[in-house]
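> Can you keep this structure in mind? I'll have questions shortly.
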Amino acid sequence: MGLQARPVEMRVTRMETIDLQRVRDEFPALGNYTWFQNGGVSITPRRVASAHAELMDELLQRGPMHIVFPDEEYPRRERSLARLAEFFGVVPSTLAVMRGVSEGFLTVLRGLDWQAGDEIVLSTDEEAALLLPVLALRDQLGIVVRKVELVDGSPAEQVAALESCLCDRTRLVAFSHVTTDLGFRLAAGELCATARRHGALSFVDMAHSGGVFPIDLGQTGCDFAGLLSYKWMYSPYAAGLLYVRPEWIDQLAVRFPGGRSESWLDFETDRFELHETAERFQFGPWSWPLVHAWAVACDWLSEIGVDAIAERTALLTDRLKQGLEATGAIEVLTPGEFSRSAALVSMTLSGWTGQDLAETLRQRWNMIVKPLPHSREGLRISVPFFLLEEEIDRLVEALGDLAECS
Numbered sequence: 302m303g304l305q306a307r308p309v310e311m312r313v314t315r316m317e318t319i320d321l322q323r324v325r326d327e328f329p330a331l332g333n334y335t336w337f338q339n340g341g342v343s344i345t346p347r348r349v350a351s352a353h354a355e356l357m358d359e360l361l362q363r364g365p366m367h368i369v370f371p372d373e374e375y376p377r378r379e380r381s382l383a384r385l386a387e388f389f390g391v392v393p394s395t396l397a398v399m400r401g402v403s404e405g406f407l408t409v410l411r412g413l414d415w416q417a418g419d420e421i422v423l424s425t426d427e428e429a430a431l432l433l434p435v436l437a438l439r440d441q442l443g444i445v446v447r448k449v450e451l452v453d454g455s456p457a458e459q460v461a462a463l464e465s466c467l468c469d470r471t472r473l474v475a476f477s478h479v480t481t482d483l484g485f486r487l488a489a490g491e492l493c494a495t496a497r498r499h500g501a502l503s504f505v506d507m508a509h510s511g512g513v514f515p516i517d518l519g520q521t522g523c524d525f526a527g528l529l530s531y532k533w534m535y536s537p538y539a540a541g542l543l544y545v546r547p548e549w550i551d552q553l554a555v556r557f558p559g560g561r562s563e564s565w566l567d568f569e570t571d572r573f574e575l576h577e578t579a580e581r582f583q584f585g586p587w588s589w590p591l592v593h594a595w596a597v598a599c600d601w602l603s604e605i606g607v608d609a610i611a612e613r614t615a616l617l618t619d620r621l622k623q624g625l626e627a628t629g630a631i632e633v634l635t636p637g638e639f640s641r642s643a644a645l646v647s648m649t650l651s652g653w654t655g656q657d658l659a660e661t662l663r664q665r666w667n668m669i670v671k672p673l674p675h676s677r678e679g680l681r682i683s684v685p686f687f688l689l690e691e692e693i694d695r696l697v698e699a700l701g702d703l704a705e706c707s
């Protein structure tokens with residue numbers, strides 16, 4: 302028996318109006334293991350996977366829809382994009398289909414004119430999708446990269462930390478809404494407003510926030526955002542979107558024009574015109590069945606209720622954090638309050654590497670957990686809303702057992 306957690310206070314949430322078992326029945330994969338790795342690539346609910354499978358069968362039985370049946374396929378594409386736009390509180394003309402956040406960020410980064418000495422600010426906890434393109438730009442053009450420390454405190458304290466990194470050469474502030482390793486939920490609205498006050502643009506990576514709690518991109522105030530299908534939106538790998546604030550659609554240069562960017566192209570005169578909407582930033586091809594499936598995922602999440610998902614996630618992550626801290630041996634690296642975190646809970650245990658912890662949990666308890674990717678030795682525990690309280694408790698007990706062995 303491992304170190305015991307203190308009893309955790311329970312609270313009623315909107316999720317109790319949802320049939321949790323019915324939601325879990327949507328995930329046959331849950332019969333194979335206990336799932337704590339949704340922040341990498343999610344498991345997919347039956348409804349969304351079936352929609353994607355039907356689209357692939359349609360391709361088999363009827364052929365490429367946009368060629369053979371364009372009167373069916375192009376309106377369907379418009380509907381899917383409109384559904385995605387509605388989910389994020391914007392209009393379709395502000396969205397460009399991408400293959401992921403990386404492509405969206407590169408489109409923004411390379412669409413700005415840079416001079417040696419210009420500055421970009423990132424957070425200290427970014428994944429390769431944001432960090433690597435910025436480092437490459439540093440090496441190629443001589444820009445300066447600054448990193449703002451994460452603050453486990455009030456939004457005002459995080460804003461102050463950002464302001465200490467800004468100067469008259471700052472061109473762009475880019476950060477993850479929920480950071481990749483430590484699971485800090487940053488105050489996107491306040492940080493984007495701060496960047497704008499200092500004459501800088503803002504890009505927000507929403508890979509770990511979309512689907513976890515409600516998002517209205519317009520209210521966030523960001524100039525650009527990257528959105529993703531395959532983490533907390535439970536859609537197949539991989540589709541993405543780039544959001545462009547309306548006033549920046551015609552100001553951001555199109556550096557990667559391709560066979561999706563044009564409103565028209567005259568092959569005889571070599572004249573062309575780009576789309577007036579964010580479609581001008583699209584260059585393909587990509588898989589439209591993945592985009593359609595993502596729109597189905599929006600319906601699925603909305604029917605459950607994103608507010609209910611957020612409340613259920615708060616309940617489970619609170620339970621996990623309190624249980625881990627009660628062992629007395631585990632350090633929780635993620636902020637304690639749900640308002641400053643989301644569905645990721647990161648922790649470290651002295652004497653154990655993250656890889657050894659993950660492998661031991663898999664071998665002894667059949668739990669799938671990700672080692673901390675970059676910053677510390679430990680685990681990044683993903684907590685999807687459909688987990689059971691007893692699954693959280695079993696993880697705490699397992700880690701308590703391992704703490705006694707360290």
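Just so we're on the same page, the numbering used here is the position in the sequence shown counted from 1, plus 301.
In this text, a Cβ means the ideal position worked out from N, Cα and C, and glycines have one as well.
Fair warning: this is a prediction, and the values are worked out from it, not measured in the lab.
Starting from the Cα of Q623, find the closest Cα among V349, A352, P636 and give me that residue.
Here the question's residue 623 lines up with position 322 in the sequence shown. Here the closest residue by C-alpha is P636.
> Let me know the secondary structure DSSP gives P547 once reduced to three states.
The residue given as residue 547 occupies position 246 in the sequence shown. Helix, per DSSP.
> Considering only the alpha carbon of each residue, which of Q583, L436, A488 lies closest to V452?
Against the sequence shown, residue 452 aligns to sequence position 151. It is A488 whose Cα lies nearest to the Cα of V452.
> Could you compute how far the alpha carbon of V646 sits from the alpha carbon of N667?
Against the sequence shown, residue 646 aligns to sequence position 345. Against the sequence shown, residue 667 aligns to sequence position 366. The straight-line gap from Cα to Cα measures roughly 19 Å.
> Specify, as a first and last residue, the run of the alpha helix (DSSP H) that A457 falls within.
Locating residue 457 in the sequence shown gives position 156, counting from the first residue. Element bounds for A457: 456–464.
> Look at V402 and A383 and say whether their C-beta atoms are less than 9 Å apart.
Numbered from 1 along the sequence shown, position 101 holds the residue referred to as residue 402. Numbered from 1 along the sequence shown, position 82 holds the residue referred to as residue 383. No.
> Under a Cβ-count criterion, where at least 16 other Cβ atoms within 10 Å of its own Cβ denotes burial, should I368 be classed as buried or exposed?
Here residue 368 corresponds to residue number 67 of the sequence shown, with the count starting at 1. So I368 counts as exposed.
> Suppose you measure from the CA of V505 to the CA of R546; what does that come to, to the nearest Å?
Numbered from its first residue, the sequence shown carries residue 505 at position 204. Numbered from its first residue, the sequence shown carries residue 546 at position 245. Using only the alpha carbons, I get a separation of about 12 Å.
> Excluding five sequence neighbours on each side, which residues of the same chain lie with their C-beta closer than 8 Å to the C-beta of F584?
Here residue 584 refers to the residue found at position 283 of the sequence shown. Excluding positions up to five away in sequence, the list reads F557, P558, G559, G560, R561, S562.
> Express the C-alpha separation of E632 and T618 in angstroms, rounding to a whole number.
As a working mapping, residue 618 is identified with position 317 in the sequence shown. As a working mapping, residue 632 is identified with position 331 in the sequence shown. Going from the Cα of T618 to the Cα of E632 covers about 15 Å.
> What does the alpha-carbon distance come out to for the pair T335 and V684?
Looking up residue 335 in the sequence shown gives position 34. Looking up residue 684 in the sequence shown gives position 383. The alpha-carbon atoms of T335 and V684 are separated by roughly 11 Å.
> Could you tell me which of L543, V409, R411, M534 sits nearest to V607, measuring between CA atoms?
Here the question's residue 607 lines up with position 306 in the sequence shown. Checked all of L543, V409, R411, M534; the closest Cα to V607 is M534.
> Would you call the CB atoms of G412 and F573 closer than 9 Å?
As a working mapping, residue 412 is identified with position 111 in the sequence shown. As a working mapping, residue 573 is identified with position 272 in the sequence shown. Not a contact, by the Cβ cut-off of 9 Å.
> Checking 9 Å against the spacing of the C-beta atoms, do V460 and T425 come in under that value?
The residue you call residue 460 lines up with position 159 of the sequence shown. The residue you call residue 425 lines up with position 124 of the sequence shown. For V460 and T425, no; Cβs fall outside 9 Å.
> Taking one C-beta from the stretch 588–604 and one from the stretch 342–362 each time, how about it: are there three or more such pairs within less than 8 Å?
Judged by Cβ distances under 8 Å, the stretch 588–604 makes contact with the stretch 342–362, as three or more pairs qualify.
> Measuring alpha carbon to alpha carbon, tell me which residue in E660, S455, W653 is nearest S640.
Residue numbering aside, residue 640 sits at position 339 when the sequence shown is read from its first letter. The residue with the shortest Cα to Cα distance from S640 is S455.
> Enumerated in chain order, which unbroken segments of the beta strand (DSSP E) with a length of 3 residues or greater are wholly contained in the stretch 424–500?
DSSP runs (the beta strand (DSSP E)) wholly in the stretch 424–500: 445–449, 471–477.
> Where does the unbroken beta strand (DSSP E) through I605 begin, and where does it stop?
Position 304 of the sequence shown, counting from 1, holds the residue named residue 605. Unbroken run through I605 is the alpha helix (DSSP H), 589–605; no beta strand (DSSP E).
> Is L473 closer than 9 Å to L410 when the C-beta atoms are compared?
Residue numbering aside, residue 410 sits at position 109 when the sequence shown is read from its first letter. Residue numbering aside, residue 473 sits at position 172 when the sequence shown is read from its first letter. Going by C-beta atoms, L410 is nearer than 9 Å to L473.
> If you run the structure through DSSP and keep just helix, strand and coil, what is L331?
As a working note, residue 331 is residue 30 in the sequence shown. The answer is helix: DSSP assigns L331 an H, G or I state.
> Quick check on G500: buried or exposed, where buried means 16 or more other Cβ atoms within 10 Å of its Cβ?
Working through the sequence shown from its first residue, we reach residue 500 at position 199. When all chains shown are included, G500 counts as exposed.
> Looking only at its own chain, which residues have a Cβ that is under 7 Å from the Cβ of V391, when we skip the five neighbours before and after it?
In the sequence shown, counting from the first residue as 1, residue 391 sits at position 90. Closer than 7 Å at the Cβ level, and outside the excluded window around V391, lie L518, G519, Y544.
> With contact counted as at least three CB pairs below 8 Å, one residue from each stretch, are the stretch 502–516 and the stretch 362–382 in contact?
With a cut-off of 8 Å, the stretch 362–382 and the stretch 502–516 do not count as touching, because too few Cβ pairs lie within range.
> Under a three-way DSSP split, which group does G519 fall into?
Mapped onto the sequence shown, residue 519 falls at position 218. Correct three-state label for G519: helix.
> So, with DSSP's three-state summary, where would you put G655?
Locating residue 655 in the sequence shown gives position 354, where the first residue counts as 1. Three-state DSSP puts G655 in a helix.
> Apart from the five residues just before and just after L688, which ones in its own chain have a Cβ nearer than 7 Å to its Cβ?
Sequence index remark: in the sequence shown, residue 688 carries index 387 (1-based). If we look at L688 and ignore the five residues flanking it on each side, its Cβ neighbours are L617.
> With R486 and A643 assumed to form a contact (beta carbons below 8 Å), what rounded beta-carbon distance in angstroms separates them?
Walking along the sequence shown from the start, residue 486 turns up at place 185. Walking along the sequence shown from the start, residue 643 turns up at place 342. The pair is a contact, with the Cβ atoms about 5 Å apart (cut-off 8 Å).
> For G629 and G443, what's the separation of their Cα atoms in angstroms?
Numbered from 1 along the sequence shown, position 328 holds the residue referred to as residue 629. Numbered from 1 along the sequence shown, position 142 holds the residue referred to as residue 443. Computed Cα separation, rounded: 47 Å.
> Between A659 and the rest of its own chain, which residues show a CB-CB distance below 7 Å, the 5 nearest in sequence each way excluded?
Here residue 659 corresponds to residue number 358 of the sequence shown, with the count starting at 1. For A659, where only same-chain residues beyond five positions count, the Cβ hits under 7 Å are V670, K671, P672, L680.
> Give me whichever residues DSSP pairs with T649 in a beta bridge.
Reading the sequence shown from its first residue, position 348 is the one you call residue 649. T649 pairs with E632.
> Provide the residue span of the beta strand (DSSP E) that contains L528, from first to last.
In the sequence shown, the residue the question calls residue 528 occupies position 227. Residues 525–529.
> Out of Q362, T345, E705, state which residue places its alpha-carbon closest to the alpha-carbon of P329.
The residue given as residue 329 occupies position 28 in the sequence shown. Considering only alpha carbons, the answer is T345.
> Could you spell out where the beta strand (DSSP E) holding M708 opens and where it closes?
Nothing about residue 708 can be read from this structure; the chain reaches only from 302 to 707.
> Tell me the residue span of the alpha helix (DSSP H) that contains E699.
For the purposes of this step, residue 699 is taken as the residue at position 398 of the sequence shown. Per the sequence shown, the amino acid found at residue 699 is Ala instead of Glu. Looking at the DSSP string, the run of the alpha helix (DSSP H) that includes A699 is 690–706.
> Could you round the C-beta distance between A457 and V449 to whole angstroms and report it? I think they count as a contact, below 8 Å.
For the purposes of this step, residue 457 is taken as residue 156 along the sequence shown, with counting starting at 1. For the purposes of this step, residue 449 is taken as residue 148 along the sequence shown, with counting starting at 1. Not confirmed; about 14 Å, so no contact.
> Using a Cβ-Cβ cutoff of less than 6 Å, which residues in the same chain neighbour A615 once the five nearest sequence positions on both sides are dropped?
Locating residue 615 in the sequence shown gives position 314, where the first residue counts as 1. The residues are F639.
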